[in-house]
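Colleague: So that we are looking at the same thing, I have put the structure below in structure tokens.
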Amino acid sequence: MDLLFRATLVTRRIAMGYDRRCRLPTQVITRMQERERLYIGQWQNEEASSDA
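Add 991 to a position in the sequence shown, counting from 1, and you land on the number used in this note's numbering.
Structural data, given as structure tokens:
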């Protein structure tokens, strides 16, 4: 989890930097955020099933 969380923080930082620098379309950023949410959801599901 720690690694995944760190990776998402890095991608968020990169996305924010890109947004400031070259005005990345908001659609791209929201798509990245959706993908991030999916990954976190998958990880939480896996954790729950492995704990059971």
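All residues carry an ideal CB built from backbone N, CA and C; glycine is no exception.
(1) Tell me the rounded alpha-carbon separation between Q1035 and L995.
(2) Taking L1037 and T999 to be in contact with their CB atoms under 8 Å, please state how far apart those CB atoms are, rounded to whole angstroms.
(3) By how many angstroms is the C-alpha of S1041 removed from the C-alpha of R1004?
Modeller: Let's see:
(1) Reading the sequence shown from its first residue, position 44 is the one you call residue 1035. Reading the sequence shown from its first residue, position 4 is the one you call residue 995. Straight-line Cα distance between these residues: approximately 12 Å.
(2) Start at 1 with the first residue of the sequence shown, and residue 1037 comes out as number 46. Start at 1 with the first residue of the sequence shown, and residue 999 comes out as number 8. Note that residue 1037 corresponds to Glu in the displayed sequence, not to Leu. Not a contact, Cβ separation roughly 15 Å.
(3) Along the sequence shown, read from residue 1 onward, the residue named residue 1004 stands at position 13. Along the sequence shown, read from residue 1 onward, the residue named residue 1041 stands at position 50. When rounded, the distance between both Cα atoms is 30 Å.
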